[in-house]
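Here the working numbering is used: position 361 in the sequence shown is 345, and no number is missing along the way.
By construction, the Cβ of each residue, glycine as well, lies at the ideal position given by its N, Cα and C atoms.
Predicted model, so just to flag it, every value in this text is computed and none were measured.
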Amino acid sequence: MNYSTTSVTASGKTKSKRGHETIMKLFVMTMYLLLAPLVIGIRADDADQEAKGLRDTLGAQMVSIGTAAEPNPIRTDPMYAEILARDFNMLATENAFKMGLMRPTEDSYRFEDTDFLVDFAEMNGMDVRGHTLIWHQQLPDWLSNGTYTREELLTIMEEHVTTVVSRYRGRVDAWDVVNEAVEGDGSLRQSIFLQTIGPEYIEYAFRWAAAADPEARLFYNDFGADGLGVKSEGVYRLMESLLAKRVPVHGIGLQMHTTIGDTPDPEDVRRNMDRLAQLGLEIHVTEMDVRLNDEMGDLDTQLQLQAQTYRSIAEVCIQHPACTAFVTWGFSDSNYARAGRPDTPLLFDANYVPKPAYWALADLFASPVLMQCSGQPCR
């Protein structure tokens, strides 16, 4: 089946806005799931679906469909802005909130781009994911090249988190408070923050963010911890330890950067979500992209495998009551930001033509899906 059709349907989970309800998910046809792996071909009316957009096909499912976005393409490319508003109901800020762009000097902030993105989201009925407050990369030169005592760096962190979160209080629904603080071996990353302050910098960041906006949902976000493994175990232990200290961590972001032929097992992703949910955490898939791989066949074959991968992970999210958002790392190959990577990992090609991956999600989102969590009906 060559993928193509309508939009998301996930019934019954805690939605990440403010005042989250748990709704029992829809139970549907077993036959549909038996046929789902073959469903990469039957399309609904493509023109109707494109006009409607993914977000309007969500139906009863309490899942947000989001994408990372940049301000300049919105300002300069009407097609980019149109698709962004039409297909997505959650906007993740790709770079604008990163400290290196926001803090040109220690004493100044640059809010032009973040104001623009939040305004755009509000005008188009989109939730906002603020990405990211504390990260070891894309730091301003004055910080990465500076020499600071523990107390000085704590002051810089507190001022930054408090200033940024307070400015957007009530307007940013979820924050990636700390990003990528765990190494591949499960240990804490040796960043300027860990080396200067110690592991408690993570706790401080969440407490400051919660004080600045008590209603915002606060997330830890990381890559390579999507399924089960050494790194995901380290992330789990970190979440467990923070929650034991009553640190206000509300959710975890699973980035889901992947390549066809080297993708996480959906069942492992589901089991990982299960154990994170048992900690009381909300889950977002935050940065999904699926790069092509010439070893996997010709272009058409690769695009179909890419579509299957998007669909399989989105289906896990839809099925899981704790997973409340499915976010891609951009939507058009023309604006893909990961330098040095193949330029074909997203839902639209460089000319904004929907790819099989788009239709795979549209078909899934429009279809009734049997909700199961670890072999039991989700509640």
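Per DSSP, L260 has no beta bridge partner at all. In summary, W126 is exposed, with fewer than 16 beta-carbon neighbours lying within 10 Å of its beta-carbon over all protein chains present.
With fewer than 16 other CB atoms across the displayed protein chains lying within 10 angstroms of its CB, M107 is exposed. Beta-carbon to beta-carbon, T270 and A76 are separated by about 7 angstroms, close enough to satisfy the 8 angstroms threshold. Of the candidates V166, F315, N319, the residue whose Cα lies closest to the Cα of L331 is F315.
Rounded to whole angstroms, N56 and A80 show a C-alpha spacing of 10 angstroms. DSSP lists N163, G237 as the bridge partner or partners of N205. Just measuring C-alpha positions, the residue of D71, K36, I58, R59 sitting nearest G50 is D71.
Contact annotation: A298 and L348 have beta-carbon atoms nearer than 8 angstroms. Going by DSSP, M272 is part of the beta strand (DSSP E) stretching over 266 to 275.
When the Cα atoms are used, A344 and A193 turn out to be separated by approximately 37 angstroms.
Contact annotation: the segment 161 to 169 touches the segment 210 to 229, with at least three C-beta pairs closer than 8 angstroms.
The alpha-carbon of V102 is positioned some 31 angstroms away from that of S351. The beta carbons of I267 and L222 sit no closer together than 8 angstroms. By the C-beta criterion, the segment 250 to 269 is judged to be in contact with the segment 223 to 235, since at least 3 inter-stretch pairs fall below 8 angstroms.
Partner residues in the beta bridge of L75, as assigned by DSSP, are T51, V112. Judged by their CB atoms, F190 and V161 are nearer to each other than the 8 angstroms cut-off.
The segment 61 to 69 and the segment 129 to 136 do not touch, with fewer than three beta-carbon pairs separated by less than 8 angstroms. Taken atom to atom, the span from the alpha-carbon of V112 to that of Y188 is near 23 angstroms. S316 is bridged by DSSP to F332. Taking all protein chains shown into account, T312 has 16 or more neighbouring C-beta atoms within 10 Å of its C-beta and is therefore buried. The three-state reading of DSSP puts V145 in helix, counting H, G and I together. In the structure shown, T285 adopts helical secondary structure according to DSSP, grouped into three states.
The three-state reading of DSSP puts F95 in coil, since its state is none of H, G, I, E or B. Taking a contact as a CB-CB distance under 8 angstroms, the pair L226 and I181 does not count as one, their CB atoms being some 15 angstroms apart.
DSSP places F349 in the uninterrupted alpha helix (DSSP H) bounded by 340 to 350. By DSSP's assignment, I118 forms a beta bridge with V162. Per DSSP, the continuous alpha helix (DSSP H) segment holding K215 begins and ends at 214 to 228. Between L212 and N256, the C-beta gap is smaller than 8 angstroms, which places the two residues in contact. The shortest C-alpha to C-alpha distance from P198 to any of S150, R254, E279, D99 is the one to S150.
For the 8 angstroms CB-CB criterion, E96 and N319 do not form a contact.
For Q179, the enclosing alpha helix (DSSP H) stretches over residues 176 to 181.
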